[in-house]
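Only one structure is covered here, and it is reproduced in the block below.
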Amino acid sequence: MSNIWAGLILGIGLVSGWAEEPVSRIGFGSCYKPEKSTPLWGKVTEFDPQVWLWLGDNVYVDFLDGKYVKANLDPKAFEKGYQRMAKSEGMATLKRLSPGHTMAVWDDHDYGLNDAGKNWERKSEAKKAFTDFWGGEERADGVYSSRDFGPDGKRVRVVLLDTRFNRDDPGPNGDILGAAQWNWLEGELRRPGAELIVIGSSIQVLANQHRFEKWGNFPKSRDRLFRVIRESKARGVIFVTGDRHNGEISCQKDSDVGYPLYDVTSSGLTEVSSLREETNSLRVGNLVNAQNFGTITVDWSLPDPVVSLELHDAGGNIREKVSTPLSQLAPPKG
Ligand SMILES: [Fe+2]
Numbered sequence: 164m165s166n167i168w169a170g171l172i173l174g175i176g177l178v179s180g181w182a183e184e185p186v187s188r189i190g191f192g193s194c195y196k197p198e199k200s201t202p203l204w205g206k207v208t209e210f211d212p213q214v215w216l217w218l219g220d221n222v223y224v225d226f227l228d229g230k231y232v233k234a235n236l237d238p239k240a241f242e243k244g245y246q247r248m249a250k251s252e253g254m255a256t257l258k259r260l261s262p263g264h265t266m267a268v269w270d271d272h273d274y275g276l277n278d279a280g281k282n283w284e285r286k287s288e289a290k291k292a293f294t295d296f297w298g299g300e301e302r303a304d305g306v307y308s309s310r311d312f313g314p315d316g317k318r319v320r321v322v323l324l325d326t327r328f329n330r331d332d333p334g335p336n337g338d339i340l341g342a343a344q345w346n347w348l349e350g351e352l353r354r355p356g357a358e359l360i361v362i363g364s365s366i367q368v369l370a371n372q373h374r375f376e377k378w379g380n381f382p383k384s385r386d387r388l389f390r391v392i393r394e395s396k397a398r399g400v401i402f403v404t405g406d407r408h409n410g411e412i413s414c415q416k417d418s419d420v421g422y423p424l425y426d427v428t429s430s431g432l433t434e435v436s437s438l439r440e441e442t443n444s445l446r447v448g449n450l451v452n453a454q455n456f457g458t459i460t461v462d463w464s465l466p467d468p469v470v471s472l473e474l475h476d477a478g479g480n481i482r483e484k485v486s487t488p489l490s491q492l493a494p495p496k497g
């Protein structure tokens, strides 16, 4: 097709609005062994997401023939991992989505090494394999990405953070994002036009009492994250996270950003923790110790749109749900 025709068709599309349909159903999940079958995908199909977010551990590269290996030295480890992913039930289920409506970021196991950060020797290989498979912009310093969905007044921005490629060792001054990604994030928060900003992070942002990986292990970075959001005056920020092999919704009502912060943790799509309980004073409802996926739905038809955050299990049950008017996710005026 000539550029003129392509431009004309795109132009007609934009004017008539089909390219800008509001997004009111977003699904997300993490911690997936693509070689495993799960009835969860049937439930994802019933939910019928318009956008799907893979939040990390989308494939476990540090497994050889189904067994965990501390370091998978197979030179084709990443290639083989994404071959398993390509053939998975998950990828088949999500094929129905419009092009560009699937986004992904990694966690440690698709980055290639348990709990790894910036010193992981195979990180460039991991990045190449990730970008070859998922597409998206090639960056020198990781796989973070952002995309806008929907028309003016009903626009959702999804911002996926890379918590691995530039990450220091944990500690009071440890950084997670690296200078370029912090700059980029600030720009994404300040760029006008989004009513809702969904920030995806593989590791949990709010839950802070457990002994596993979390933003809380990098207190300076965590404070900076809240400060950057507050100073940007961005409204409608919601976190979605993974990693834990348990699902939960956390809420910090008196957060540092000036309005209630939610962190919806969905994990895992196939992997479920043997830890059935743990303390999280910010948790709303119960821990979901079962295969699950998360959803964000927005009722844009209301004058003050209502946002619902849910965790769904493989039996078709909504295990946890929280709803809030969008107007509540805004800093105080003045
Ligand atoms: Fe995982």
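Start counting the sequence shown at 164; every next residue gets the next number (the numbering used here).
Just so you know, even glycine gets a beta-carbon here, dropped at the ideal spot from N, CA and C.
Asn443 is classed as buried because its beta carbon has at least 16 other beta carbons within 10 Å across all chains shown. Looking at the DSSP output, Glu411 shares a beta bridge with Thr428.
Your pair Val224 and Gly253 does not check out as a contact, with CB atoms roughly 16 Å apart and the cut at 8 Å. In the three-state reduction of the DSSP assignment, Val368 falls in the coil class.
In this structure, the alpha-carbon of Lys196 lies about 12 Å from that of Ala249. Sorting Glu209, Ala303 and Glu242 by C-alpha distance to the C-alpha of Leu257 places Glu209 at the top. Residues lining ligand 1 by the Cβ criterion, that is a Cβ closer than 5 Å to any of its heavy atoms, are Cys194 and Asp220 in chain order. A residue is called buried once 16 or more other Cβ atoms fall within 10 Å of its Cβ, and Arg327 is buried on that count.
Contact check for Thr428 and Ser365: beta-carbon distance about 10 Å, past the 8 Å limit, so the pair fails to qualify. Non-local beta-carbon contacts of Arg393 in its own chain, meaning distances under 8 Å to residues more than five positions away in sequence, involve Asp419, Val420, Gly421 and Pro494 in chain order. By the CB criterion at 8 Å, Thr458 and Gly263 fall outside the cutoff.
Within its own chain, the residues whose Cβ lies closer than 7 Å to the Cβ of Lys416, once the five positions on either side in sequence are excluded, are Pro423, listed in chain order.
By the 16-neighbour rule on beta-carbons within 10 angstroms, Ser261 is exposed.
Counting only residues of its own chain and dropping the five nearest sequence neighbours on each side, Trp204 has a CB closer than 7 Å to the CB of Glu252, Gly253 and Thr256. Residue environment for Leu236: exposed (fewer than 16 other C-beta atoms within 10 angstroms of its C-beta). Within the same chain, and ignoring the five residues on either side of Ala343 in sequence, the residues whose Cβ sits closer than 6 Å to its Cβ are Asp304. Classified as buried, Tyr274 has 16 or more neighbouring CB atoms from the shown chains inside 10 Å of its CB. Taking one beta carbon from each stretch, the stretch 227–234 and the stretch 315–335 have fewer than 3 pairs nearer than 8 Å; the two do not touch. Among the bridge pairs identified by DSSP, Glu473 is matched with Thr458 and Lys484.
Taking a cut-off of 8 Å on C-beta distances, the stretch 435–442 does not touch the stretch 287–299, as fewer than three cross pairs fall below it. Put simply, the backbone Cα of Leu492 is about 15 Å away from that of Pro466.
Shown here, Phe293 sits in a helix according to DSSP, grouped into three states. With a beta-carbon spacing of about 5 Å, Leu276 and Trp283 fall inside the 8 Å limit used to define contacts. Cα atoms of Gly280 and Ser437: separation of roughly 25 Å, rounded to the nearest angstrom. Classified as exposed, Ile481 has fewer than 16 neighbouring CB atoms from the shown chains inside 10 Å of its CB. Taking Gly313 as reference, the option from Glu288, Ser187 and Leu352 with the minimal CA-CA separation is Ser187. Contact check for Asp476 against Asn455 passes: the beta carbons are separated by less than 8 Å. Under the three-state reduction of DSSP, Ser418 is assigned to coil, being neither helix nor strand.
For the pair Gly363 and Asn371, the CB atoms are not nearer than the 8 Å cut-off.
Counting along the chain, Arg188 sits inside no alpha helix (DSSP H); it lies in the beta strand (DSSP E) bounded by residues Arg188 to Gly192. For the stretch 239–319, the full-length beta strand (DSSP E) segments reaching 3 residues or more read 265–267 and 308–312 along the chain.
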